[in-house]
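In what follows, a structure is listed as structure tokens, so that the remarks can point back to it.
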Ligand SMILES: Cc1cc2nc3c(=O)[nH]c(=O)nc-3n(C[C@H](O)[C@H](O)[C@H](O)COP(=O)(O)OP(=O)(O)OC[C@H]3O[C@@H](n4cnc5c(N)ncnc54)[C@H](O)[C@@H]3O)c2cc1C
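Residue numbers (this note's numbering): 515 to 924.
Here it is, written out as structure tokens:
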């Protein structure tokens, strides 16, 4: 069918929304849409179980009730005020006030402390299943891009929440032959995310990254200060060690301290030095072994976050020319340094707020989402670059010439 979209076309009442990917962001978006009148949701997921046990913490801005509290973070707060106008921030706060209380209670709880990622996923999943008056149709399947396109009927909305290896990102640019043509990517660095449990309270602060690394010329372990927590006398410690591209290639995706000792003894020694300093303070011991994941720290965005270009391309029978498609979460924007879930949740809230406005022409809906997401990209770009720059400076503390080389003042 050739599509000839009009500028005033809106979503029909009783519209069907396909959410592909039930990770944290797809689940939150589904829970937000589920209670919306005139919307039925189909949620597709390929995993059978939620197994990712890493500890995550949500940003407090997700549950902010004033512009001031939304902008309270030292780095992020100023960026937000530079990028967003006050009415935009107020609109976000107004949407939060409308979030159903069962869901808001979970968000408030998660913004207070640490949770395992799979606990967040399970809680959202259970909440969706428990709301029997608005059931969500759940489909256990790995959806292909072709299947996603084929299932679209007039009036449907398609939302890709499939994470960093997005199913549809590469398909949102008409005529693109290169799958990466719709992705702008900056490789900030390669890193090991190392986690361990320590059998005493560990009060980590900003000075730890210097004083506990004084014996480490290289491979400094930078603790994620705000992600370290003590529960029932056991501290959960996470941080990052920068590695080279060559080292990244030589490592398996995941490994333990024993593997590190045998294969990269200098990195293991650095970890020992850091941990010895913690032990000197509280005389505790490590529980179990180190756990390491090697990751490329990528900062990326989809150049097109919606099917807007397909609609503008003129009459065509491509399904994306008529059905609105949105990327949300890691499928749209990826940011390192432990901020992605909150960013994905924020964008899911905005999209849910747009889909609720039934009189809003589809073209405006797509445009508004693109603009909003671009602003979120600028926000996360600025904070990630600041963090990376600070990390680079930190590597040269104690070496004034190297430090001055990195300080470009004007
Ligand atoms: C080591 C590590 C530590 C991290 N720590 C933090 C942290 O502390 N804080 C933080 O905010 N973020 C953290 N992150 C990032 C965070 O995990 C991701 O940003 C977040 O999981 C993204 O959520 P998402 O729902 O967009 O995508 P994902 O979590 O990737 O979920 C995508 C879902 O889609 C499903 N899917 C994919 N393709 C298909 C398909 N074709 N058909 C059906 N289903 C499909 C997948 O199975 C998955 O369930 C960390 C990441 C790593 C690697």
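Just so it is clear, CB atoms sit at the ideal spot from N, CA and C, and this is done for glycine as well. Remember, it's a predicted structure, so these values are computed and weren't measured experimentally.
| query | result |
| --- | --- |
| According to DSSP, which residues form a beta bridge with residue 630? | 569 |
| Which parts of the segment 774-838 are runs of the alpha helix (DSSP H), unbroken and 4 residues or longer, counting only runs that do not cross its ends? | 779-796, 822-826 |
| Less than 8 angstroms between C-beta atoms, sequence neighbours within five positions excluded: which residues of the same chain meet that for residue 593? | 892, 893, 896, 897 |
| According to DSSP, is residue 901 part of a helix, a strand, or is it coil? | helix |
| Leaving out five residues on either side along the sequence, give the residues of the same chain with a beta carbon under 8 angstroms from the beta carbon of residue 639. | 536, 541, 564 |
| Do you know whose CA, among 746, 818, 706, 731, lies nearest residue 738's CA? | 706 |
| Can we count residue 987 as close to ligand 1, meaning its CB is less than 6 angstroms from some heavy atom? | The question about residue 987 has no answer, for the chain in this structure spans 515 to 924. |
| Is any non-hydrogen atom of ligand 1 found closer than 6 angstroms to the C-beta of residue 559, if you look at the structure I gave you? | yes |
| Exposed or buried, what is residue 799 when buried is set at 16 or more other beta-carbons lying within 10 Å of its beta-carbon? | exposed |
| Any chance the CB of residue 852 is under 6 angstroms from a heavy atom of ligand 1? | yes |
| Measure the C-alpha to C-alpha separation of residue 850 and residue 813 and round it to an integer number of angstroms. | 6 angstroms |
| Quick one: what does DSSP say residue 656 is sitting in, helix, strand or coil? | coil |
| In whole angstroms, what separates the C-alpha of residue 833 from that of residue 781? | 51 angstroms |
| With a threshold of 6 angstroms, establish whether the CB of residue 465 neighbours any heavy atom of ligand 1. | Coverage of the chain is limited to positions 515 through 924, which leaves residue 465 absent and any answer about it impossible. |
| Closer than 6 angstroms to a non-hydrogen atom of ligand 1 - does that hold for the CB of residue 707? | yes |
| Below 8 angstroms on the Cβ atoms is my contact criterion, and I expect residue 637 with residue 620 to pass it. Report the Cβ-Cβ distance as a whole number of Å. | 6 angstroms |
| Please look up how many angstroms separate the CB atoms of residue 631 and residue 538, rounded, as I've assumed it's under 8 angstroms. | 7 angstroms |
| Cβ of residue 882 within 6 angstroms of any heavy atom in ligand 1? | no |
| Kindly indicate which residue of 843, 819, 696 has the alpha-carbon position closest to the one of residue 879. | 819 |
| Rounded C-beta distance between residue 697 and residue 845? I'm assuming under 8 angstroms. | Actually they are not in contact, since the Cβ atoms of residue 697 and residue 845 sit about 10 angstroms apart, beyond 8 angstroms. |
| So, is residue 924 buried or exposed, given that buried needs 16 or more other C-beta atoms within 10 angstroms? | exposed |
| In or out: residue 865 buried (at least 16 other Cβ within 10 Å) or exposed? | buried |
| Output the residue ranges of the alpha helix (DSSP H) runs that lie fully inside the segment 541-588 and measure 4 residues or longer, sorted by chain position. | 581-584 |
| For residue 722, which residues from the same chain have a beta carbon less than 7 angstroms from its beta carbon, with the 5 sequence-adjacent residues on both sides left out? | 737 |
| What runs of the alpha helix (DSSP H), each 4 residues or longer, lie entirely inside the segment 852-887? | 854-870 |
| Which residues does DSSP list as the beta-bridge partners of residue 528? | Paired residues: none, contrary to the question. |
| Helix or strand or just coil, what does DSSP make of residue 768? | strand |
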